[in-house]
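Q:
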Ligand SMILES: Nc1ncnc2c1ncn2[C@@H]1O[C@H](COP(=O)(O)OP(=O)(O)OP(=O)(O)O)[C@@H](O)[C@H]1O
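Numbering (the UniProt record's numbering), first residue to last: 1 to 344.
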């Protein structure tokens, strides 16, 4: 039985039709006197793949742990598959797959027995539409651990262990999969394999919320990127929309007469014309670079952290694709100034 047969289609699931997979309204969380989440509004539809980004300590893991039901929020309305996570029963829990940041238990267990062990928890929740658990051999093949079935966990490499973590998250054939920094420590090939795996899972309408610091990963995997900073969502949109909202600027780099110049501009054509027509020796270097998603992200976070105002237009652009309402006038914005840097 392959994965598609096994998972069926979540379109058949009654609760999937009109209930969002994840819903948070004015979600707040404080640890003692420290406010970590200050009013998060987030709706994620069934089958969406969303990357949650934000600087260290922004509250990504906290958010995920609240959605998983591991942590009670201080305030706010939270629903995952229509259920309040902190009171979620086992039938609800069986619909979730969780890949934590680090999982170090059972290190003497072997790969197959570990998956078998966790898979058995899900058997009582098996339905004709969604047989559970996921067949271990198919799962091993999916995560690239075929041939490692009998190895003890402590003898796996870091990347292999992470693949096992992902397999454990999937073994219950979840409807919603939470992945906290899933590819930390992966080599490039393992990362690529993992991306293929997640895309194939996403194709089955599994809702995926992942945290990552890897912009490239977010861009490859996610339909939508949500940026968390200062306890609030400061940007929410497709990778393209975020890049467009933040990347009016283009960087022009040129070398001439022994000097390298770097200039950011909203109007590269006009600037280039000026540069090319200016008197001087031959050009030794010329590069025109549109800002990347990483540039956009860094700019969003930088603008937020330095308290730079964003105007209503910028706020709308950053939050527009989900129709979210900007909550603050002091979050992120575009870097549309033109600065000239010169390096000799
Ligand atoms: N159990 C806890 N008790 C007190 N403070 C906590 C606890 N867990 C997290 N924090 C604090 O809450 C803030 C948010 O932490 P969280 O782990 O959610 O951030 P994150 O965005 O996932 O960070 P990272 O990117 O570093 O993983 C941090 O300042 C952290 O120190």
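Even for Gly, the Cβ is constructed at its ideal location relative to N, Cα and C. Since this is a predicted model, take the numbers as computed values, not measurements.
Taking residue 281 as the reference, which of 32, 290, 259 has the closest Cα?
A: Ranking the options by Cα distance to residue 281, first place goes to 259.
Q: Under 6 Å, CB to any heavy atom of ligand 1. Which residues pass, going along the chain?
A: Here the residues come out as 31, 36, 54, 56, 57, 58, 59, 60, 61, 62.
Q: Just to check my reading of the structure: residue 181 and residue 211 have Cβ atoms closer than 8 Å, yes? What is that Cβ distance to the nearest angstrom?
A: Indeed they touch by this definition, with Cβ atoms about 6 Å apart.
Q: What residue range is occupied by the uninterrupted beta strand (DSSP E) comprising residue 50?
A: 49-53 is the span of the beta strand (DSSP E), which, as asked, contains residue 50.
Q: In angstroms with no decimal places, state the Cα-to-Cα distance between residue 326 and residue 86.
A: In this prediction, residue 326 has a pLDDT of 37, which is less than 50 and means its spatial position is unreliable; what the coordinates show is noted afterwards. C-alpha separation (whole angstroms): 28 Å.
Q: Start and end of the alpha helix (DSSP H) containing residue 303?
A: Residues 293-305.
Q: Starting from the Cα of residue 158, find the closest Cα among 168, 184, 148 and give me that residue.
A: With distances taken between Cα atoms, residue 158 lies closest to 184.
Q: How many angstroms separate the CA atom of residue 100 from the CA atom of residue 169?
A: Rounded to whole angstroms, residue 100 to residue 169 spans 9 Å at the Cα level.
Q: Are the Cβ atoms of residue 233 and residue 42 separated by less than 8 Å?
A: Against a cut-off of 8 Å, the Cβ pair of residue 42 and residue 233 comes out as a contact.
Q: Classify residue 274 as buried or exposed, calling it buried when 16 or more other Cβ atoms lie within 10 Å of its own Cβ.
A: With fewer than 16 other Cβ atoms within 10 Å, it is exposed.
Q: Bridge partners of residue 356, per DSSP?
A: The requested residue 356 does not occur in the structure, where the chain is confined to residues 1 to 344.
Q: In whole angstroms, what separates the C-alpha of residue 167 from that of residue 308?
A: About 43 Å.
Q: Would the stretch 171-180 count as touching the stretch 195-209 if we require 3 or more Cβ pairs under 8 Å?
A: Yes: at least three Cβ pairs fall under 8 Å.
Q: Rounded to whole angstroms, what is the Cα-Cα separation between residue 249 and residue 296?
A: The straight-line gap from Cα to Cα measures roughly 10 Å.
Q: Would the stretch 23-42 count as touching the stretch 225-242 if we require 3 or more Cβ pairs under 8 Å?
A: Taking 8 Å as the limit for Cβ pairs, the verdict is that the stretch 225-242 does touch the stretch 23-42.
Q: Report the residue from 279, 286, 61 whose alpha carbon sits nearest the alpha carbon of residue 261.
A: Taking only the C-alpha atoms, the option nearest residue 261 is 286.
Q: Taking CB distances under 8 Å as the criterion, tell me whether residue 259 reaches chain B.
A: The chain inventory of the structure shown lacks chain B, comprising one protein chain alone.
Q: In terms of residues, what are the limits of the beta strand (DSSP E) holding residue 263?
A: It spans 259-265 - the beta strand (DSSP E) in which residue 263 sits, taken as one unbroken run.
Q: Determine, using beta-carbon pairs with one atom in the stretch 115-125 and one in the stretch 184-193, whether at least three such pairs fall under 8 Å.
A: In short, these stretches do not touch, since the Cβ pair count stays below three.
Q: What are the uninterrupted segments assigned as alpha helix (DSSP H) that are 4 or more residues long and contained completely in the stretch 119-183, given in chain order?
A: Runs of the alpha helix (DSSP H) inside the stretch 119-183: 136-142, 158-170.
Q: Can you give the beta carbon distance from residue 225 to residue 242, rounded, assuming they're within the 8 Å contact cut?
A: With a Cβ gap of about 6 Å, residue 225 and residue 242 count as contacting.
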